[in-house]
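Written below as structure tokens is the structure these notes are about.
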Amino acid sequence: MPELQKFIKRDISWLSFNERVLQEASDPAVPLQERIRFLGIFSNNLDEFFRVRVATLRRMVEYGRLAKVHLEEDAAGTLDQIQRIVIRQQEVFSKIWRKIKRELKQAGVQLKTEKQLNGKEKQFVVQYFEEQVRSQIIPLMIESIPQFPALRDEFIYLAVVLSSKDGRLPKRYALIEIPTGSLPRFVILPDSNHEKHIILLEDIIRFNLPSIFAYFGYDRFSAHVIKMTRDAELDIDNDVSTSFIQQIEKALKNRKHGRPVRFIYDRQIDPALLDYLIKRLNLTKKDHLIPGDRIHNFKDFMSFPDLIFQERRHRRRSFIHPLLHRQPSITRIIMQRDVLLHFPYHDFNSLIDLLREAAIDPDVRAIHVTAYRLATRSKIVNALINAVRNGKKVYVVIELRARFNEEENLQWKNKLEEEGVKVFVGFPNMKIHAKLGLIEKEVNGKSVHYGFVCTGNLNEDTATYYADFCLLTAHQHIMQEVQRVFQYLESGGVHEKEAAECKTLILSPFHTRDKMMAHIAACIKARKHQRPAQIILKMNALSDPQLIQAIYKAARIGVDVRLIVRSICCAYTRHKSWAKDIQAISIVDEYLEHGRVFYFKAGDKENLYISSADWMVRNLDHRVEATVPVFDEQLKAELMHVLQLQLHDNVKARILDNAQQNKYVPTRGRPRRSQLQIYNYLSRKKYPA
452 MPELQKFIKR
462 DISWLSFNER
472 VLQEASDPAV
482 PLQERIRFLG
492 IFSNNLDEFF
502 RVRVATLRRM
512 VEYGRLAKVH
522 LEEDAAGTLD
532 QIQRIVIRQQ
542 EVFSKIWRKI
552 KRELKQAGVQ
562 LKTEKQLNGK
572 EKQFVVQYFE
582 EQVRSQIIPL
592 MIESIPQFPA
602 LRDEFIYLAV
612 VLSSKDGRLP
622 KRYALIEIPT
632 GSLPRFVILP
642 DSNHEKHIIL
652 LEDIIRFNLP
662 SIFAYFGYDR
672 FSAHVIKMTR
682 DAELDIDNDV
692 STSFIQQIEK
702 ALKNRKHGRP
712 VRFIYDRQID
722 PALLDYLIKR
732 LNLTKKDHLI
742 PGDRIHNFKD
752 FMSFPDLIFQ
762 ERRHRRRSFI
772 HPLLHRQPSI
782 TRIIMQRDVL
792 LHFPYHDFNS
802 LIDLLREAAI
812 DPDVRAIHVT
822 AYRLATRSKI
832 VNALINAVRN
842 GKKVYVVIEL
852 RARFNEEENL
862 QWKNKLEEEG
872 VKVFVGFPNM
882 KIHAKLGLIE
892 KEVNGKSVHY
902 GFVCTGNLNE
912 DTATYYADFC
922 LLTAHQHIMQ
932 EVQRVFQYLE
942 SGGVHEKEAA
952 ECKTLILSPF
962 HTRDKMMAHI
972 AACIKARKHQ
982 RPAQIILKMN
992 ALSDPQLIQA
1002 IYKAARIGVD
1012 VRLIVRSICC
1022 AYTRHKSWAK
1032 DIQAISIVDE
1042 YLEHGRVFYF
1052 KAGDKENLYI
1062 SSADWMVRNL
1072 DHRVEATVPV
1082 FDEQLKAELM
1092 HVLQLQLHDN
1102 VKARILDNAQ
1112 QNKYVPTRGR
1122 PRRSQLQIYN
1132 YLSRKKYPA
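All you need for my numbering is the position in the sequence shown, starting with 1, plus 451.
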């Protein structure tokens, strides 16, 4: 590792993570349906990357060196590097998709274009177009429009060339927005010889171009898909005369017309039309002009129709935690002992049931929760509304700037307030990312507090495939400090001092980094005195410079450092000056690894935490995050066993090395797939009464 370059670039590390997703799509051991889904995930990830990270780098280039972002000094050079990597990954993507299409055909499934239809299918496509599609589209004759239309982010368009075979009519250009917001992208064609045929919505429109443009008398048409990605970062101004809610609403409207950061086109597009579009859209080579194949917005393939497969994919079913199974009262169990839920292995309904119990318990006085991303039809919200109807005081701290969920959260805010819930929207310059719940109950004249601290969102939809932890507890010190946090959040920051004085709960933005640095320092000290020293860190992203430097010091002195990092890892893992290399892996599998766990062993002292915070500057300095210790010895052992299963994964684990090569951990001995092993471990685990 060169001395002057102490960290891996954050955005390059992220692209390396997305390549691991692409590896899953190419793995023949992964079911075909899942491989298609991974292609969709890769595409969706890349869209968000351009909308946020590339947009940020573009701003840095424009604003100069004063706009330096963490771990990023050469924004222009990074953008060039991104362009090269993305084009290479796009070529790999195309090869994988071609291979998957061949396998689909072998399985009796064919994705047909408008040129491959038989007579029966042609009749169906014409009828479907007339009944469902025609009224949803309005072609734009773009040469006749003085002001070129703004291409909407997240939508795809057919760029059409109209011409005549005899050349008597001049070529004309048109643009058609594909109405995927109101119609399905995939249309299943009539059965043909026991095969399943599917056509994309844009190909239905392609087939009907002669009908769409019949008025003009053209007899030759070519149409190719284009797509624009726009800057999605919200610029919230500091106009004190404008309410925070109004600023969010204004920013959401502006996002739809954000500056272009990527223009994707079918490489088979008419060159003259491409040049025309680039000119009219005021694009340059700096705008990431990326040639692709026929299909764009591949994120829709995350919802590729399963009905066409004879063998349906079967996810392992979640199960009720043994301590909560068939119990008349979850609350009663939590009052007696801590319970650690592992989603999606354990059923998320247990958390919903806890709130439902609180909603009807006559002794419950108040419920407080934070909300970052909620499910589309949130049972959490339903439980809270019913609590209000049962006379409870309910307080919800909702984060209006949860990226790409801003509009939904505004709607949830209005819904909750209509039902009588007291809603707080956090602070203008600080995101509320902690996942907390507090229930206040009166028992025999005394106030009792219990609740939960989670690593993931209160979202029953994502809880079926996000791997997270949730501590259900009535631990006195933990709940006292959770109460302090809610006082801080619900007072608009007035009680900041009280929150900053928390001793048991570790809070961002106050002291998470300092506490983690202190634990690392204790491990270094123990190692210097020839005592046991180990650090195990599991998180989504590691990019904080100070904490990475502290990890380097630990490795230099010989502390056993092990990392499980799903996406961004800016830390190098090997250096000639270190006494012990860092063991670092990334697991990409059926479930998205989302939980954070921090373990420190210094001599005979062990500390184990779960957290909502990654080790990134934004999580440590610009968000309210909660890191909670696990005190129960049985739960410690359980969590450590899960970590060990992941550290020994040799099926889905990739090595995070200095070169970001994404090599799989070598399979020595029997295969060990940690997510499957964790499911088996938790499903068979017995708990003493």
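Where is the CB? At the ideal position from N, CA and C, for every residue including glycine.
One thing to note: I741 has its Cβ within 8 Å of the Cβ of V537. By the neighbour-count criterion, in which a residue is buried when 16 or more other Cβ atoms sit within 10 angstroms of its Cβ, A925 is buried. Put simply, the segment 969-984 does not touch the segment 1102-1117. Fewer than three CB pairs are less than 8 Å apart.
In the DSSP assignment, M679 falls within the beta strand (DSSP E) that extends over R671 to R681. With respect to the 8 Å criterion, E565 and D642 are not classified as neighbours on the basis of their beta carbons. Per DSSP, the beta-bridge partners of Q985 are D1011 and K1052. Between V1081 and K1087 a beta carbon distance of about 5 Å is seen, short of the 8 Å cut, so the two are scored as contacting. A check of alpha carbon separations from L791 across Q1085, A1140, P482 and V638 identifies Q1085 as the nearest. Bounds of the beta strand (DSSP E) holding H793 are V790 to F794.
In the DSSP assignment, C921 falls within the beta strand (DSSP E) that extends over Y917 to T924. Around the Cβ of Q862, a 10 Å sphere holds fewer than 16 other Cβ atoms; the residue is exposed.
The C-beta of G877 has 16 or more other C-beta atoms within 10 Å across all chains shown, which makes the residue buried. For K989, the number of other beta carbons within 10 angstroms of its own is at least 16, and it is reported as buried. In this model, E858 and A950 are separated by some 29 Å (Cα to Cα). With respect to the 8 Å criterion, I492 and V472 are classified as neighbours on the basis of their beta carbons. Taking the Cβ atoms as the reference, T782 lies roughly 19 Å from K886, outside the contact range of under 8 Å.
Taken in chain order, the whole beta strand (DSSP E) runs of length 3 or more contained in the segment 627-671 are 637-639 and 647-651. Here N833 carries a helix assignment [DSSP, helix/strand/coil]. Assignment of Q1112 by DSSP, reduced to helix, strand and coil, places it in the coil class. About 6 Å separates the beta carbons of I627 and I656, which is inside the 8 Å limit, making them a contact pair. By DSSP's assignment, R623 forms a beta bridge with L613.
The three-state secondary structure of A1035, taken from DSSP, is strand.
Here DSSP, grouped into helix, strand and coil, assigns C905 to strand. In terms of Cα proximity to V899, the closest of S494, N880 and M930 is M930. Within the segment 872-896, the complete beta strand (DSSP E) runs of at least 3 residues fall at 873-875 and 886-894.
Beta-bridge pairing by DSSP links L568 to no other residue. For Q532, the enclosing alpha helix (DSSP H) stretches over residues A526 to Q557.
Restricting attention to F875, K873, Q938 and V815, the CA atom closest to the CA of E893 is found in V815.
For the set R1007, K556, E941 and Q598, the Cα lying nearest the Cα of R978 is the one of R1007. About 20 Å separates the beta carbon of I890 from that of A826, a gap too long to meet the 8 Å contact definition. Cβ neighbours of S801 within its own chain (closer than 7 Å, five residues either side excluded): I771, H772, L775, I781 and L792. Distance between R731 and F599, taken at the CA atoms: about 7 Å.
Per DSSP, the unbroken alpha helix (DSSP H) holding F468 starts and ends at R461 to S477.
Nearest to E684 by alpha-carbon distance, out of E499, Y1060 and D757, is E499.
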